[in-house]
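*Asks:* Supplied in structure tokens, the structure appears directly below.
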Amino acid sequence: MGVELDRYDMRILQALQQDASLSNQELADRIGLTPAPCSRRVKHLEEAGVIDRYVARVNERKVGLNLIAMLHISMDKHIPERFETFEAAIANIPEVMECYLITGHDADYQLKVAVRDMDAYQEILLGKITRISGVSGVKSSFIMRKVVDTTAVPLG
Numbered sequence: 001m002g003v004e005l006d007r008y009d010m011r012i013l014q015a016l017q018q019d020a021s022l023s024n025q026e027l028a029d030r031i032g033l034t035p036a037p038c039s040r041r042v043k044h045l046e047e048a049g050v051i052d053r054y055v056a057r058v059n060e061r062k063v064g065l066n067l068i069a070m071l072h073i074s075m076d077k078h079i080p081e082r083f084e085t086f087e088a089a090i091a092n093i094p095e096v097m098e099c100y101l102i103t104g105h106d107a108d109y110q111l112k113v114a115v116r117d118m119d120a121y122q123e124i125l126l127g128k129i130t131r132i133s134g135v136s137g138v139k140s141s142f143i144m145r146k147v148v149d150t151t152a153v154p155l156g
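So for the sequence shown, the UniProt record's numbering puts the first residue at 1; every next one is plus one.
Rendered as structure tokens:
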């Protein structure tokens, strides 16, 4: 169920999606409120789960992760235990940045993996991912260039 958001809430969310490091005073100035009600609104958005968390986005290449791969994983059996086993195992591989259970494709999962180079990719693929019980196939694609790169939710 959605949370009712007014124009100030929307402005807060838009501003924080652009720069979550804004101080409360800066945020209040930007959206046209005084600091106290601005702070109360942010706290309400956090408590309601609208604001899920605050993070720092790290440039993969600046930390030596030069190879980003998208993997499509097929499972041998479509039973809850297989999916639970896969999801628990994949959550423990730090190179996996995203994992989605998907439909409308010939795969069951889509993963985004960040590694140093092709040798590190082979290590992750053959040493970890294909060893997870139930994995029956993997198709890999490699990111050449980011065209759109945002975490901002479209708020309308």
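We treat Cβ as the ideally placed atom computed from N, Cα and C, and that holds for glycine.
For VAL153 and ASP9, what's the separation of their Cα atoms in angstroms?
*Replies:* Numbered from its first residue, the sequence shown carries residue 153 at position 153. Numbered from its first residue, the sequence shown carries residue 9 at position 9. Approximately 14 Å, taken between the alpha carbons.
*Asks:* Which residues bound the alpha helix (DSSP H) around GLU87?
*Replies:* Walking along the sequence shown from the start, residue 87 turns up at place 87. Taken as a continuous stretch (DSSP letters only), the alpha helix (DSSP H) holding GLU87 covers 80 to 90.
*Asks:* Taking all protein chains shown into account, decide if ILE143 is buried (16 or more other Cβ within 10 angstroms of its Cβ) or exposed.
*Replies:* Mapped onto the sequence shown, residue 143 falls at position 143. The residue in question, ILE143, is exposed, as its Cβ has fewer than 16 Cβ neighbours within 10 Å.
*Asks:* Could you check what DSSP says for GLY137 in three-state terms: helix, strand or coil?
*Replies:* Stepping through the sequence shown from its first residue, residue 137 is reached at position 137. DSSP places GLY137 in strand when its eight states are reduced to three.
*Asks:* Could you give the DSSP three-state label for ILE124: helix, strand or coil?
*Replies:* Position 124 of the sequence shown, counted from the start, is the residue given in the question as residue 124. Helix at ILE124.
*Asks:* Determine the extent of the alpha helix (DSSP H) in which ALA109 is found, giving its start and end residues.
*Replies:* In the sequence shown, the residue the question calls residue 109 occupies position 109. Just to set this straight, residue 109 is Tyr in the shown sequence, not Ala. First-last for TYR109: 109 to 115, but that is the beta strand (DSSP E), not the alpha helix (DSSP H).
*Asks:* Taking VAL3 as the reference, which of GLN17, GLU46, PRO94 and GLN25 has the closest Cα?
*Replies:* By one-based count along the sequence shown, residue 3 stands at place 3. Out of GLN17, GLU46, PRO94 and GLN25, GLU46 has the C-alpha closest to the C-alpha of VAL3.
*Asks:* Within its chain, find whatever has a CB closer than 8 Å to the CB of ASP117; leave out the 5 residues flanking it on each side and keep chain order.
*Replies:* The count along the sequence shown starts at 1 and reaches residue 117 at position 117. Counting only Cβ-Cβ distances below 8 Å, and skipping sequence neighbours, we find ASN66 and LEU67.
*Asks:* Short check: CB of VAL138 to CB of THR151, under 8 Å?
*Replies:* On the sequence shown, position 138 is the one that residue 138 refers to. On the sequence shown, position 151 is the one that residue 151 refers to. Contact flag unset, no.
*Asks:* Just to confirm, is the Cβ distance from LEU27 to ILE51 under 8 Å?
*Replies:* The sequence position of residue 27 within the sequence shown is 27, counting from 1. The sequence position of residue 51 within the sequence shown is 51, counting from 1. No, they are not a contact pair.
*Asks:* So SER141 and ALA91 are in contact, right, with Cβ under 8 Å, and what is the actual spacing, rounded?
*Replies:* Here residue 141 refers to the residue found at position 141 of the sequence shown. Here residue 91 refers to the residue found at position 91 of the sequence shown. About 22 Å; that fails the 8 Å criterion.
*Asks:* Which ranges would you report for the alpha helix (DSSP H) in the UniProt domain "HTH asnC-type" (5 to 66) if only whole runs of at least 4 residues count?
*Replies:* DSSP runs (the alpha helix (DSSP H)) wholly in the UniProt domain "HTH asnC-type" (5 to 66): 7 to 18, 24 to 31 and 35 to 47.
*Asks:* Determine, using beta carbons only, whether GLY127 and ARG82 come nearer to each other than 8 Å.
*Replies:* As a position in the sequence shown, residue 127 is number 127, starting the count at 1. As a position in the sequence shown, residue 82 is number 82, starting the count at 1. No, Cβ-Cβ distance for GLY127 and ARG82 is not below 8 Å.
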